[in-house]
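So the protein sequences, as listed, match chains F and U.
Residue 280 is where the first sequence starts when you use the working numbering, and the numbers rise one by one after that.
Residue 280 is where the second sequence starts when you use the working numbering, and the numbers rise one by one after that.
Below is one structure, written out as structure tokens; comments come after it.
2 protein chains.
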Amino acid sequence: MAIIECVPNISEGRRPDVVRAIVDAVEATPGVHLLDWSSDASHNRSVITLAGDAAPLEAAVLTLFERSLETIDLRHHEGAHPRMGAVDVVPFVPIEGVTMADCVQLARKTGEAVASRFGVPVFLYEEAASTPDRRNLEDIRRGEYEGLPAKMAQAAWHPDFGPATPHPSGGASVIGARMPLIAYNINLATDRLDVAKKIAAAIRVSSGGLRFVKAMGIALEDRGIVQVSMNLTNYEKTPMFRVFEIVKREAARYGVPVLESEVVGLVPSAALVSSAEWYLQLAGFKGDQVLEQRMRAAGPRG
Amino acid sequence: MAIIECVPNISEGRRPDVVRAIVDAVEATPGVHLLDWSSDASHNRSVITLAGDAAPLEAAVLTLFERSLETIDLRHHEGAHPRMGAVDVVPFVPIEGVTMADCVQLARKTGEAVASRFGVPVFLYEEAASTPDRRNLEDIRRGEYEGLPAKMAQAAWHPDFGPATPHPSGGASVIGARMPLIAYNINLATDRLDVAKKIAAAIRVSSGGLRFVKAMGIALEDRGIVQVSMNLTNYEKTPMFRVFEIVKREAARYGVPVLESEVVGLVPSAALVSSAEWYLQLAGFKGDQVLEQRMRAAGPRG
Chain F
280 MAIIECVPNI SEGRRPDVVR AIVDAVEATP GVHLLDWSSD ASHNRSVITL AGDAAPLEAA
340 VLTLFERSLE TIDLRHHEGA HPRMGAVDVV PFVPIEGVTM ADCVQLARKT GEAVASRFGV
400 PVFLYEEAAS TPDRRNLEDI RRGEYEGLPA KMAQAAWHPD FGPATPHPSG GASVIGARMP
460 LIAYNINLAT DRLDVAKKIA AAIRVSSGGL RFVKAMGIAL EDRGIVQVSM NLTNYEKTPM
520 FRVFEIVKRE AARYGVPVLE SEVVGLVPSA ALVSSAEWYL QLAGFKGDQV LEQRMRAAGP
580 RG
Chain U
280 MAIIECVPNI SEGRRPDVVR AIVDAVEATP GVHLLDWSSD ASHNRSVITL AGDAAPLEAA
340 VLTLFERSLE TIDLRHHEGA HPRMGAVDVV PFVPIEGVTM ADCVQLARKT GEAVASRFGV
400 PVFLYEEAAS TPDRRNLEDI RRGEYEGLPA KMAQAAWHPD FGPATPHPSG GASVIGARMP
460 LIAYNINLAT DRLDVAKKIA AAIRVSSGGL RFVKAMGIAL EDRGIVQVSM NLTNYEKTPM
520 FRVFEIVKRE AARYGVPVLE SEVVGLVPSA ALVSSAEWYL QLAGFKGDQV LEQRMRAAGP
580 RG
């Protein structure tokens, strides 16, 4: 069985009953596991984390659109987070037994179904993007819901699927495929914010560091320490152990020890297993030697 | 959902059709995953690895006994491996979402059912043992099938369940609960066998080392290197990272680098995740942050 993660963001975070009804409907889809969901009132936005195989997730996303379009109207939406659709963003994420190409195909198929069934224009992003200009979510979403009519009138911003004008209440949606994102922080045993900022600059791609690291240095004032706060956007190509070892080495240059690190939220098993493999110098290790993975590969029974 | 591993050993390894029929019958049990099976002709013995929740595994083991007793007759059995039953040993192993106490209870319940349904005497061993004398499999099995009538006539060797005389063709069976066993080897970049033997002596419990390590030093002659070959019998109390770090340190004392390590066969996810946690200095990490574990906890759907 393949495991794909799907993390839809919807533009409603202030009416718990509305969000709950949408989540319940999605969770009821056979073959879909609800892993997490949370609402942010100031953002007026909710994030739902699902997992399952391709066909169940496609069905769940169609249900999500159906229910969201019934109850969310962007003409009356405000919140701190940029958005352009009632269902704003839907990434598909390969976890196990599935390739990125499979997730790109799933994004295209789901996008096409959403556009034809609900008349919502769909833009494909990240690995599923049809042009390099559409890889970054921020570029697609710039101008937000209110700017959609003008933006979509430009030839460069015709959607990948669906009408060339926004859905009146539902706006437009962004659907795509990306690697899992790991929120990974390393805490330093010092209150020197300059050290955390220097290390963040050394490790992040934007200032010359590792390709799939976003980082900033922040103070944890209640604890009197500082943190290199990171997002790892491709743990296969920029693995956790390498990030940890480089940050530790950079910190040592300033005479600062690493206190601890932390993962916020979920992490795919493979990201931790590959770290164990590296530190233990495991040779010839295969993922299906992990008992639970072998069990999943054996498939559901009864 | 709980994950329990069950690793029955049966006394047949020379008739592939017989073993295959038993394995097929066991695999057909709803809720049971067949992870692996292999036969050894010189041992005349097969090892089957199953996983699932308690009730399905109990049903699978009863099917295993039914089929094995029909087709295996210890009166005509010979092989290099010591044995006393057609179904020789059945350990239940806690993997995830289940305690050792649960597995002990499952071993008792299954043992009772086997004895009452098939008239096979059952001895409980390891964590399920009724007395300290019965913890070790070797002690229970000493004398083998041929010695059972005399051994069981002693009060000290009355079975935990079932008749006080062996089953004519099926002998007696040993059922119990134990931690997962990890076959873990560390290869040294040297051909000095004395170094591997000294390190094995340093790390194994029998000569003063870690509580849950069995170890020996051997030569890998085709590769011109030596190996510390180990069984880790409780990865929670004697974790892989500690074993690796101590062996690495001992090797350094002889000027020998660690070349690599290897896991033979299956390893529970938690054994690798705890190693990643230690090396990455992860603070406050919880198992249900592993995406796949969260997914299993969410339970099967549809």
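All C-beta atoms in this analysis are idealised placements derived from N, C-alpha and C, irrespective of residue type, glycine included.
In this text the structure is predicted, and so the values were computed from the model without any measurement.
Using DSSP with H/G/I as helix, E/B as strand and the rest coil, what is residue i?
{"i": "arginine 580 of chain F", "result": "Legend: pLDDT at arginine 580 of chain F = 47, less than 50; position of this residue unreliable, value from coordinates given subsequently. Three-state DSSP puts arginine 580 of chain F in coil, outside helix and strand."}
{"i": "lysine 493 of chain U", "result": "strand"}
{"i": "tyrosine 558 of chain F", "result": "helix"}
{"i": "methionine 519 of chain F", "result": "helix"}
{"i": "proline 335 of chain U", "result": "helix"}
{"i": "threonine 389 of chain F", "result": "helix"}
{"i": "phenylalanine 344 of chain F", "result": "helix"}
{"i": "glutamine 506 of chain F", "result": "strand"}
{"i": "glutamate 500 of chain U", "result": "coil"}
{"i": "threonine 328 of chain U", "result": "strand"}
{"i": "proline 411 of chain F", "result": "helix"}
{"i": "valine 399 of chain U", "result": "coil"}
{"i": "glutamate 357 of chain F", "result": "coil"}
{"i": "proline 373 of chain U", "result": "strand"}
{"i": "leucine 538 of chain F", "result": "strand"}
{"i": "serine 452 of chain F", "result": "strand"}
{"i": "isoleucine 478 of chain F", "result": "helix"}
{"i": "aspartate 470 of chain U", "result": "coil"}
{"i": "aspartate 319 of chain U", "result": "strand"}
{"i": "aspartate 418 of chain F", "result": "helix"}
If contacts are defined as beta-carbon pairs under 8 Å, then residue i and residue j qualify, I think. What distance do you get, rounded to the angstrom?
{"i": "serine 540 of chain U", "j": "isoleucine 465 of chain U", "result": "5 Å"}
{"i": "isoleucine 327 of chain F", "j": "proline 459 of chain F", "result": "No, isoleucine 327 of chain F and proline 459 of chain F are not in contact; Cβ-Cβ is about 16 Å, not under 8 Å."}
{"i": "leucine 551 of chain F", "j": "isoleucine 504 of chain F", "result": "Going by Cβ atoms, the distance from leucine 551 of chain F to isoleucine 504 of chain F rounds to 24 Å, so no, they are not a contact pair."}
{"i": "arginine 457 of chain F", "j": "glutamate 406 of chain F", "result": "6 Å"}
{"i": "glutamate 337 of chain F", "j": "lysine 388 of chain F", "result": "6 Å"}
{"i": "asparagine 323 of chain U", "j": "glycine 292 of chain U", "result": "5 Å"}
{"i": "arginine 573 of chain U", "j": "leucine 314 of chain F", "result": "5 Å"}
{"i": "valine 369 of chain U", "j": "proline 287 of chain U", "result": "5 Å"}
{"i": "histidine 312 of chain F", "j": "alanine 281 of chain U", "result": "Histidine 312 of chain F to alanine 281 of chain U, Cβ: 17 Å. No contact."}
{"i": "isoleucine 371 of chain F", "j": "cysteine 285 of chain F", "result": "The sequence shown places phenylalanine at residue 371 of chain F, rather than the isoleucine named in the question. Their Cβ separation, rounded to whole angstroms, is 5 Å, which keeps phenylalanine 371 of chain F and cysteine 285 of chain F in contact under 8 Å."}
{"i": "valine 401 of chain U", "j": "isoleucine 478 of chain U", "result": "Between isoleucine 478 of chain U and valine 401 of chain U the Cβ distance is about 40 Å, and since that is not below 8 Å, they are no contact."}
{"i": "valine 305 of chain U", "j": "serine 325 of chain U", "result": "Not confirmed; about 11 Å, so no contact."}
{"i": "valine 474 of chain F", "j": "alanine 530 of chain F", "result": "7 Å"}
{"i": "leucine 451 of chain U", "j": "leucine 427 of chain U", "result": "Looking at the sequence shown, residue 451 of chain U is not leucine but alanine. Contact holds; Cβ gap of about 6 Å."}
Could you list which residues in chain F have their beta carbon closer than 9 Å to that of residue i, in chain order?
{"i": "phenylalanine 520 of chain U", "result": "Ala555, Tyr558, Leu559"}
{"i": "isoleucine 282 of chain U", "result": "Leu570, Glu571, Met574"}
Can you find a C-beta in chain F that's less than 9 Å from the C-beta of residue i?
{"i": "histidine 312 of chain U", "result": "yes"}
{"i": "asparagine 466 of chain U", "result": "yes"}
{"i": "valine 552 of chain U", "result": "yes"}
Starting from residue i, find everything on chain U with Cβ-Cβ shorter than 7 Å and list it in chain order.
{"i": "alanine 577 of chain F", "result": "His312, Leu313, Leu314"}
Cβ-heavy atom distance between residue i and the ligand NAD below 8 Å?
{"i": "threonine 342 of chain F", "result": "Among the components of this structure there are no ligands whatsoever, and the ligand NAD is therefore not found."}
Under 7 Å between beta-carbons, which chain F residues line up against residue i? List them in chain order, please.
{"i": "phenylalanine 523 of chain U", "result": "Leu559"}
Contact criterion: CB-CB distance below 9 Å. Does residue i meet it with respect to chain U?
{"i": "alanine 330 of chain F", "result": "yes"}
{"i": "proline 459 of chain F", "result": "yes"}
(request) Taking a Cβ distance cut-off of 8 Å, strictly less, list which residues of the region 561–575 of chain F are near chain U, in chain order. (result) So the list reads Leu561, Ala562, Gly563, Phe564, Gln568, Val569, Leu570, Glu571, Gln572, Arg573, Met574, Arg575, given in the order they occur along the chain.
(message) To be precise: take each residue of the region 534–549 of chain F, compare its Cβ to all Cβ atoms of chain U, and keep it if any distance is under 8 Å. Which residues remain?
(response) Taking 8 Å as the upper bound on Cβ-Cβ separation, chain U lies near residues Val537, Leu538, Glu539, Ser540, Glu541, Val542, Gly544, Leu545, Val546, Pro547, Ser548 of the region 534–549 of chain F.
(request) Would you list, in chain order, the members of the region 367–379 of chain F that have their beta-carbon closer than 8 Å to a beta-carbon of chain U? (result) When C-beta distances to chain U are compared with 8 Å, the residues of the region 367–379 of chain F below that value are Ile374, Glu375, in chain order.
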